[in-house]
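Chains A and B are the protein sequences, given in the same order.
Heads up: the first sequence at position 150 corresponds to 150 in the working numbering, and the numbers run straight through without jumps.
Heads up: the second sequence at position 83 corresponds to 339 in the working numbering, and the numbers run straight through without jumps.
The C-beta atom is built at its ideal place from N, Cα and C for all residues, glycine as well.
None of these values were measured; they are calculated from a predicted model.
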Amino acid sequence: MRTLPRWILLPAGLGALLVVLPLAAMALRVEWSDFWALITSESSLAALRLSLQTSLTSAAACVLLGVPMALLLARTDGRGMSLVRSLVLIPLVLPPVVGGIALLYTFGRQGLLGRHLEVLGVQIAFSTTAVVLAQTFVALPFLVLSLEGALRTAGTRYERAAASLGARPSRVLTHVTLPLVLPALLSGTVLSFARALGEFGATITFAGSLQGTTRTLPLEIYLQRESDPEAAVALSFVLMLVAVAVIALAHRRRSA
Amino acid sequence: MKTLLRSAAAAAAIALTAAACGSGGPAEDPAAAPVTLHVFAAASLQEPFEELGEQFESEHEGVTVEFSFAGSSTLVEQIQQGAPADVFASADTKNMDKLTDAGLDAADPVDFTTNTLRIAVPAGNPAGVTDLASLTGDLNLVVCAPEVPCGAATGTVEEAAGLEFAPVSEEQSVTDVLNKVTSGEADAGLVYVTDVEKAGDAVEGIDFPEAQEAVNTYPITTVDGAANPELGQEFVDLVTGEEGQEVLAGYGFGGA
């Protein structure tokens, strides 16, 4: 702190205000007298339940697919790999609506894969599966990115030592590599869960919106804004609380 | 007229400070002083209003009509929060009532057109939809959520026909419903007549008698405290006049 120039306090403070002020303004708009009734209405609870359920599934899918991806990206080098890395991280910079359109042309009824799935009697659009797909699509890079960084920082010293002592690759992975990066894995999982929870654009474009099936909390908030702005504000506040809890959790894991 | 010219000159001075400075003060000919008229209109009005806007511009030298097309409830909220609107055209009376209840209307709203529902199916009608009753069969039906105007209209025709739909998705806006139909994800959707016209060859429209039970009325008014009240009223007159009605009819809108 001593080495920092004092003037940076001004832009830093302004930046913090830009983030905190709108949240505070929203919290001030919450109708506390009706708060409980608003967030426990049938549609709100259905949206909350669906959101938690799909986000947890998506976070699990991110771990299942993202850990091997991060391992490959961190432990293999070469020109091709940087291209692969850019491709994998695309959902991070892509507007989610674009992701939704891309998913539609892949898994929609007339999409690249969806066309064949339709013949088999499997329909993804308008189902909860579509929500999970959309959420996983946007959340995956968060896990891959944080885990890959941790893997590179950890290095391969211990892995080589374990291998030289006769441990098989799978045993090295489960007993050396993964325990070393466990904090990053946990915070990456929490982050991808949070990203899935907030997913809106890809879901509304690709999955549709039906209570209990595809209408997650962000979609419910957007819809309630049309007819019942108070309910929208109350639900936004709930989502904000969840976000704060998630960040606190991820931060504690990281610093632990 | 004098106040109009004065406000026009003021607007010109603000909008084109740089240009005005270059030429040594406000424009010489006040009639040609640039003015921007802000028209906030329901999304479904985009095509006819853009056409009328061009006509208005050609009849009023130096006037630029700038449109903001969005859902009526979004527009009302923006106007309530101080967005600079001269004219507001709503897709339903409910949202216009919100504006008048807030005392933001400068003149009594005038009903200027109507819109009714029509069944939209993808080109070729893959699910063989014939009438409203056939929408209850085993097909992917997409409708508007009851919270938005087109969803309320859907509920009305549903009741009038004594049917109960089981949609796979209840969308946020009529455009979202149309997109699901044009992309072939949905076998049928309930949209406005004007949406079917707009979609061209991608969809086919099927009329049904129960649509007359839910005629949607569009009111228009000038906004209180607007920068160009006289010019705004002239635009309203154009829309409600013979020319405006002709243009609207060309896009499938009904008479008020």
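Spatial neighbours of residue 450 of chain B in its own chain (CB-CB distance under 7 Å, excluding positions within 5 residues in sequence) are listed in chain order as 300, 371, 507, 508 and 509. At a Cβ-Cβ threshold of 8 Å, residue 217 of chain A and residue 249 of chain A do not count as neighbours. Listed in chain order, the non-local C-beta contacts of residue 352 of chain B below 6 Å within the same chain comprise 346, 365 and 475, local neighbours out to five positions each way being set aside. The contact set of residue 436 of chain B on chain A, defined by CB atoms closer than 8 Å, consists of 208 in chain order. Shown here for residue 152 of chain A: same chain residues with a beta carbon closer than 6 Å to its own, the five before and five after excluded, namely 74 in chain order.
Residue 134 of chain A and residue 164 of chain A have their C-alpha atoms spaced approximately 42 Å apart.
If you look at residue 294 of chain B, you'll find it in the beta strand (DSSP E) that goes 291–298. At a cut-off of 8 Å between C-beta atoms, residue 126 of chain A counts as an interface residue with respect to chain B. Going by beta carbons, residue 492 of chain B and residue 361 of chain B fall outside the 8 Å limit. Put simply, the CB of residue 396 of chain B is near chain A, with a gap under 8 Å to one of its CB atoms. Straight-line spacing of the CA atoms in residue 203 of chain A and residue 221 of chain A works out to 13 Å. Around the beta carbon of residue 498 of chain B, fewer than 16 other beta carbons lie within 10 angstroms, which makes this residue exposed. If you draw a straight line from the Cα of residue 312 of chain B to the Cα of residue 335 of chain B, it is about 23 Å long. Out of A:232, A:3 and A:5, the CA that lies nearest to the CA of residue 30 of chain A is found in A:232. Think of a sphere of 7 Å around the beta carbon of residue 329 of chain B: the chain A residues whose beta carbon falls inside it are 226, in chain order. Closest option to residue 63 of chain A, judged by alpha-carbon separation, among A:214, A:185 and A:247: A:185. Any Cβ of chain A closer than 8 Å to the Cβ of residue 346 of chain B would place that residue at the interface, and such an atom is absent. Below the 8 Å Cβ cutoff, chain B contributes no neighbours of residue 106 of chain A, its closest Cβ being approximately 12 Å away. Beta-bridge annotation (DSSP): residue 472 of chain B is paired with B:371. Taking the CA atoms as reference points, residue 172 of chain A sits about 21 Å from residue 188 of chain A. Taken in chain order, the complete beta strand (DSSP E) segments of 3 residues or longer contained in the segment 300–383 of chain B are 319–326, 343–345, 366–371 and 373–378. Taking a 10 Å sphere around the C-beta of residue 505 of chain B, we find fewer than 16 other C-beta atoms and assign the residue as exposed. By the C-beta density criterion, residue 466 of chain B is buried, having at least 16 other C-beta atoms within 10 angstroms. Shown here for residue 416 of chain B: same chain residues with a beta carbon closer than 8 Å to its own, the five before and five after excluded, namely 466, 469 and 470 in chain order.
Nearest CB-CB separation between residue 110 of chain A and chain B: below the 8 Å threshold. When A:177, A:51, A:200 and A:194 are compared, the shortest CA-CA separation from residue 71 of chain A is found for A:177.
Under the 8 Å Cβ criterion, the segment 47–60 of chain A does not count as touching the segment 99–114 of chain A, having fewer than three qualifying pairs.
Of the candidates B:395, B:452, B:419 and B:340, B:395 places its Cα closest to the Cα of residue 425 of chain B. Closest in alpha carbon position to residue 179 of chain A, among A:197, A:147 and A:166, is A:147. Along the length of the segment 134–178 of chain A, whole alpha helix (DSSP H) runs at least 4 residues long occupy 157–164 and 169–172, reported in chain order.
Within chain A, 126, 208 and 210 have C-beta atoms less than 7 Å from the C-beta of residue 424 of chain B, given in sequence order. For residue 354 of chain B, same chain residues with a beta-carbon under 7 Å away, outside a window of 5 residues either side, are 332 in chain order. Per DSSP, residue 191 of chain A lies in no beta strand (DSSP E); the unbroken alpha helix (DSSP H) holding it starts and ends at 182–198. For residue 55 of chain A, the uninterrupted alpha helix (DSSP H) run begins and ends at 42–75, by DSSP. Taking one beta carbon from each stretch, the segment 387–407 of chain B and the segment 428–448 of chain B have 3 or more pairs nearer than 8 Å; the two touch. Counting only residues of its own chain and dropping the five nearest sequence neighbours on each side, residue 194 of chain A has a CB closer than 7 Å to the CB of 243 and 246.
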